[in-house]
DNA sequence: AGAATTGTGTTACAAAAAGAACAGAAGTCG
DNA sequence: CGACTTCTGTTCTTTTTGTAACACAATTCT
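Residue numbers (our numbering), protein chains in the order written: chain G, 1 to 290; chain X, 291 to 580.
Encoded structure:
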């Protein structure tokens, strides 16, 4: 779909010669801060350009619109699609597959999710979360749900290497009391909870909260009820053309957290990592990358 | 120029808790394609969000505006100043974070990885892989390594719902013989192996191959040695500005596979899913999404 | 389980905006 | 220089749009 139809800005510039003095004056005013000014009421636009209201109406008709409202609608549409793909013009991600192929549709959705999610994250929140998660003086507990426990485990596997005192709390609630016994004020819980939100997880969060633990929550755009208890909350868009939700954006955030706390704890980590690698090598479980 | 007054998007985000169900629904609809939708007439916005017009009016008042027109005016003002600032040219993902922030650097890298990886995938291979993985007449075995076993489990959790005869082979090699005993010719192994490639995994692949099983391999750009035995091989770019590798692209592929086999097995799956959901509901482990 | 509170949609009204008709101003051509 | 054409602004009408008041539904609390 080569949807490169000319933008309204283009159309105005092309017609600039056919316009009269007052209309041209108006046109320049529109282009001055495009497209914001064109989205206001007709009268405002007219006043800003020092022309009369009918002049505006006449011009947009000259441009081929039925009336000012239609002009605005198309402007909004343009803005919409502009916001949709500031990314590369990748209609197709997997070359050779039709754009309707699930590979392309799915990837589109994920990229979109990433953009939306990242756009709503407060960097300060993020840094604060990393500060908590990476702080070796706070015990770290990681909790996930039925599906999200894979994310929890992913974080756990890495955090374990980077710092000490990391626990992955499995979903079976039998084992909770054991873990919770040792929780101190200021300890950190990282909780994953996407729809459909699990009562289990909420209960655990409540207990942790009651003990004075800090809670960092990774949830979806509708936000788990846990977010009322959370000190920091990241909500990811998870909708994809699938019967299931996507965890890709969540994973992206988790990996970024891992990168950040790795950096922040480099001094200690370096040592820990090396010792761990040694252990792996000795047990011959993992082969060095060659 | 630290004129970083909170954007309206921020304000909505902030007040999200104080909003009611319908209002939240509306809020999400606004954020969905921001700011375009907020610049249209109130009624349109209401219809898009499936709420009534007064709900819109009430919400904007809750956000601190005198009325919808004032809300729109500020939105336009925001758009105006955004267009003015050449910096806002969207080379940052997390707005408000410097482009050197790890959030932006990391996301850049992941998007790049996705683009590269998808560009090299042969859609026919992909379809073939889905055909194998989704075929209920072939037993399905899923295998991962130290880190990648989270990906394996993610696939397992979903595949388990979609079809029968799915097994997640954990990394401890003690249990292998048990599983391998039942492997028949034509069965399918999905193997995850990123650097540093694990001997364990290779051994298992060899045994599976010897038994005549089909092998679908998810690996990284340098390709695990298993790829010599694999019938289909997907290699993802995994490099990110981190001491660790990224599994995000791999997850994207896995999720796409899940979407595809879900689609392909819809008839059976529907039934399976419903029964499973029922079970979950009965056990009260999961709360219905409202 | 019933009552009170809060939230939500339908209806009706008021305000504002866009369009049409007309009259005056500017520019142009004989 | 004057008559014609074209352009532009003012006024008025019609339509659209936002808001207020009300009634019903959902939720919460007792």
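Every residue gets a Cβ at the ideal spot worked out from N, C-alpha and C, and that includes glycine.
- Taking 8 Å as the CB threshold, residue 132 of chain G stays off the interface with chain X.
- The three-state secondary structure of residue 363 of chain X, taken from DSSP, is helix.
- As summarised for the stretch 93-176 of chain G, the continuous alpha helix (DSSP H) elements at least 4 residues long and confined to that stretch are 102-119, 123-134, 149-162, given in chain order.
- The beta carbon of residue 476 of chain X lies closer than 6 Å to those of 428 in the same chain, with the five residues before and after it left out.
- Contact residues of the stretch 252-265 of chain G toward chain X are 252, 255, 256, 258, 259, 260, 262 (C-beta to C-beta distance below 7 Å).
- For residue 55 of chain G, no beta strand (DSSP E) encloses it; the enclosing alpha helix (DSSP H) starts and ends at 53-62.
- Here residue 516 of chain X carries a helix assignment [DSSP, helix/strand/coil].
- By the neighbour-count criterion, in which a residue is buried when 16 or more other Cβ atoms sit within 10 angstroms of its Cβ, residue 489 of chain X is exposed.
- Using a Cβ-Cβ cut-off of 8 Å, residue 160 of chain G is close to nothing in chain X; its nearest Cβ partner there is about 11 Å away.
- In the displayed model, residue 541 of chain X falls within a helix according to three-state DSSP.
- Residue 176 of chain G has a beta carbon lying at 8 Å or more from every beta carbon in chain X.
- Distances from the alpha-carbon of residue 419 of chain X to those of X:433, X:524, X:529, X:436 put X:524 closest.
- For the pair residue 505 of chain X and residue 94 of chain G, the CB atoms are not nearer than the 8 Å cut-off.
- Here the C-alpha atom of residue 491 of chain X lies approximately 58 Å from the C-alpha atom of residue 364 of chain X.
- By the beta-carbon neighbour count (other beta carbons within 10 angstroms, threshold 16), residue 422 of chain X is buried.
- Taking 8 Å as the threshold, the shortest C-beta distance from residue 344 of chain X to chain G does not fall below it.
- Residues of the stretch 405-416 of chain X with a C-beta atom less than 8 Å from some C-beta of chain G are 405, 408, 409, 411, 412, 413, 416, listed in chain order.
- For residue 298 of chain X, the enclosing alpha helix (DSSP H) has its first and last residue at 298-305.
- Taking 3 residues as the shortest admissible run, the stretch 198-227 of chain G contains the following complete beta strand (DSSP E) segments, listed from N- to C-terminal end: 214-220.
- Assignment of residue 561 of chain X by DSSP, reduced to helix, strand and coil, places it in the helix class.
- Judged by DSSP in its simplified three-state form, residue 483 of chain X adopts strand.
- Within the same chain, and ignoring the five residues on either side of residue 18 of chain G in sequence, the residues whose Cβ sits closer than 8 Å to its Cβ are 62.
- In this structure, residue 400 of chain X lies near residue 538 of chain X, with their beta-carbon atoms less than 8 Å apart.
- For the pair of segments examined, the stretch 295-302 of chain X was found not to touch the stretch 36-48 of chain G: the number of CB pairs separated by less than 8 Å stays below three.
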